[in-house]
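**Student:** Could you have a look at this structure, given as structure tokens, before my questions?
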Amino acid sequence: MGTFVWLANWVLWLVASASRLWISISALIFGKDTTQEWNILGLHGTQLIGVLAILFMIVSTYLSSRGITGIKIMSSIGGWFMIVMNAVFILASLTVLIMNHGQLAQPITGWQSFIISPNKSFQTPITIISFVVYAVFAYGGMETVGGAIDSMKHPEKDFPKGLIIGSLFTIISYVLMIFMTGFSVNYQKDILAANANTGNITYTVYDTLGKAFGTALHLDPNTSLLIGKFFTGAIALSGLMGMTGAFFVLLYSPIKSFIMGSDPRLRLN
11 MGTFVWLANW VLWLVASASR LWISISALIF GKDTTQEWNI LGLHGTQLIG
61 VLAILFMIVS TYLSSRGITG IKIMSSIGGW FMIVMNAVFI LASLTVLIMN
111 HGQLAQPITG WQSFIISPNK SFQTPITIIS FVVYAVFAYG GMETVGGAID
161 SMKHPEKDFP KGLIIGSLFT IISYVLMIFM TGFSVNYQKD ILAANANTGN
211 ITYTVYDTLG KAFGTALHLD PNTSLLIGKF FTGAIALSGL MGMTGAFFVL
261 LYSPIKSFIM GSDPRLRLN
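The sequence shown begins at 11 in the numbering used here and counts up by one.
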């Protein structure tokens, strides 16, 4: 049962990521999520994204079958992009907090602010507990890279060390950045007003952060808007590189593990 659940989760992640990838491309090109406005050959919105996701998975499967060299390069570049954007988010958020003299965009009214979500869909005990799923998915994929450890020089030392460092980095950045989002983003004014969803929420947050950053530095409104667009484009590029790298790794590594772990008599020569 556990194996079946893992495989189902793996397939769902691949399908969802292949679709979200196009939101990143849209944000990179247009500065916002315009995927619902796309219309090609009579296909629009979700239909078109579904077809593009299928094509991306076909191309990715072919490229993954060519070996791991390109996959390592792509995943490394994507990883560094994400680290840089995390640092940008933290530094910009701290700047906004300092320049606004400690005033938060999302006020803390008491201990309830840390437990009760402003999102009405996450205010019941069951939905609050379900938020743990998001935390679990923050680690999603770390175990699957085990199929690629034979490409490391010293896997017995470097792989456990990498998992520990990755886990600590994920925990710290996950908690810190969720809290720091409230420095520049107000749920009612920014998230609800932008009709953000789980696919484009990242770009809404970075766009709002960029505007708040420019405003905090007393720049004119147009410049603040440009900073917001720049932040959106930067995180879109970062997300595109990171998601593509992770996609290739999560496509290649588990399949390799299945093949190498199977009975040699079942393999095709």
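Using N, Cα and C, we set each Cβ at its ideal position, and we do this for glycine too.
Since the model is a prediction, treat every value here as computed from it, not as a measurement.
What three-state label does DSSP hand isoleucine 126 in the structure shown?
**Tutor:** Translated into the one-based positions of the sequence shown, residue 126 becomes position 116. In this structure, isoleucine 126 counts as coil in the three-state DSSP scheme.
**Student:** Quick one, are the C-beta atoms of serine 103 and leucine 219 less than 8 Å apart?
**Tutor:** Position 93 of the sequence shown, counting from 1, holds the residue named residue 103. Position 209 of the sequence shown, counting from 1, holds the residue named residue 219. Yes, the pair counts as a contact, with Cβ atoms nearer than the cut-off.
**Student:** Measuring CA to CA, which of Phe124, Leu227, Leu247 is closest to methionine 190?
**Tutor:** As a position in the sequence shown, residue 190 is number 180, starting the count at 1. Answer by Cα proximity: Phe124.
**Student:** Could you tell me whether the Cβ atoms of glycine 88 and threonine 254 are closer together than 8 Å?
**Tutor:** The residue you call residue 88 lines up with position 78 of the sequence shown. The residue you call residue 254 lines up with position 244 of the sequence shown. Result yes, Cβ atoms of glycine 88 and threonine 254 sit closer than 8 Å.
**Student:** Whole-angstrom Cβ separation of serine 34 and glycine 249, contact assumed at under 8 Å?
**Tutor:** Start at 1 with the first residue of the sequence shown, and residue 34 comes out as number 24. Start at 1 with the first residue of the sequence shown, and residue 249 comes out as number 239. The Cβ separation is near 5 Å, so the contact holds.
**Student:** Taking 8 Å as the threshold, find out whether the stretch 234-248 comes into contact with the stretch 33-48 through three or more Cβ pairs.
**Tutor:** As far as the Cβ criterion goes, the stretch 234-248 touches the stretch 33-48, which means the pair count is three or higher.
**Student:** Could you say if the stretch 104-120 and the stretch 189-203 meet the contact criterion of at least three C-beta pairs nearer than 8 Å?
**Tutor:** The answer is yes - the stretch 189-203 touches the stretch 104-120, with three or more Cβ pairs under 8 Å.
**Student:** Within a Cβ cutoff of 8 Å, which residues of the same chain sit near threonine 233, ignoring the five residues on either side of it in sequence?
**Tutor:** Locating residue 233 in the sequence shown gives position 223, where the first residue counts as 1. These residues qualify, in order along the chain: Gly224.
**Student:** Where tyrosine 213 and tryptophan 32 are concerned, what is the direct C-alpha to C-alpha distance, given to the nearest angstrom?
**Tutor:** Sequence index remark: in the sequence shown, residue 213 carries index 203 (1-based). Sequence index remark: in the sequence shown, residue 32 carries index 22 (1-based). Each residue's alpha carbon lies about 13 Å from the other.
**Student:** Compare the beta carbon distance of serine 194 and alanine 115 with 8 Å and say whether it is the shorter of the two.
**Tutor:** Translated into the one-based positions of the sequence shown, residue 194 becomes position 184. Translated into the one-based positions of the sequence shown, residue 115 becomes position 105. Yes, they are a contact pair.
**Student:** Have a look at alanine 97 and threonine 56 and give me their C-alpha separation to the nearest angstrom.
**Tutor:** Here residue 97 is taken as the residue at index 87 of the sequence shown, counted from 1. Here residue 56 is taken as the residue at index 46 of the sequence shown, counted from 1. Distance between the alpha carbons of alanine 97 and threonine 56: 33 Å.
**Student:** Ignore the nearest five residues each way along the sequence and tell me which others in leucine 227's own chain have a CB closer than 7 Å to its CB.
**Tutor:** Translated into the one-based positions of the sequence shown, residue 227 becomes position 217. Contacts found: Met109.
**Student:** Mind reading off the beta-carbon distance from leucine 38 to isoleucine 50? Whole number of angstroms is fine, and I expect it under 8 Å.
**Tutor:** For this step, residue 38 is matched to residue 28 along the sequence shown. For this step, residue 50 is matched to residue 40 along the sequence shown. Not a contact, Cβ separation roughly 18 Å.
**Student:** Based on the DSSP secondary-structure assignment, which residues constitute the bridge partners of asparagine 49?
**Tutor:** Position 39 of the sequence shown, counting from 1, holds the residue named residue 49. The partner list for asparagine 49 (beta bridge, DSSP) reads His54.
**Student:** Excluding sequence positions up to five away, which residues of its chain have a Cβ less than 7 Å from the Cβ of serine 86?
**Tutor:** In the sequence shown, residue 86 corresponds to position 76, counting from 1. Hits under 7 Å: none found.
**Student:** Would you give the residue range spanned by the alpha helix (DSSP H) that alanine 206 belongs to?
**Tutor:** Stepping through the sequence shown from its first residue, residue 206 is reached at position 196. First-last for alanine 206: undefined, no H or E at that position.
**Student:** Measuring alpha carbon to alpha carbon, tell me which residue in Ala206, Thr208, Asp200, Asn210 is nearest lysine 221.
**Tutor:** By 1-based counting over the sequence shown, the position of residue 221 is 211. If we check each option's Cα against that of lysine 221, Asp200 comes out closest.
**Student:** Taking 7 Å as the line, does the beta carbon of leucine 261 fall inside it for any heavy atom of the ligand GDP?
**Tutor:** The ligand GDP is absent from the structure shown, which contains no ligands of any kind.
**Student:** Helix, strand or coil for lysine 171, going by three-state DSSP, please let me know.
**Tutor:** Here the question's residue 171 lines up with position 161 in the sequence shown. Reduced to three states, the DSSP call for lysine 171 is helix.
**Student:** Confirm, please, whether the CB-CB distance from leucine 17 to methionine 67 is below 8 Å.
**Tutor:** The residue given as residue 67 occupies position 57 in the sequence shown. The residue given as residue 17 occupies position 7 in the sequence shown. No, Cβ-Cβ distance for methionine 67 and leucine 17 is not below 8 Å.
**Student:** Just how far apart, CA to CA, sit alanine 256 and glycine 120?
**Tutor:** Within the sequence shown, the letter at position 246 stands for residue 256. Within the sequence shown, the letter at position 110 stands for residue 120. Looking at the two C-alpha atoms, the distance is approximately 39 Å.
**Student:** Rounded to a whole number of angstroms, what is the C-alpha to C-alpha distance between valine 94 and isoleucine 100?
**Tutor:** Here residue 94 refers to the residue found at position 84 when the sequence shown is read from its first residue. Here residue 100 refers to the residue found at position 90 when the sequence shown is read from its first residue. Each residue's Cα considered, the two are about 10 Å apart.
**Student:** With a threshold of 8 Å between beta carbons, is leucine 65 in contact with chain C?
**Tutor:** Of the protein chains in the structure, only one exists, and it is not chain C.
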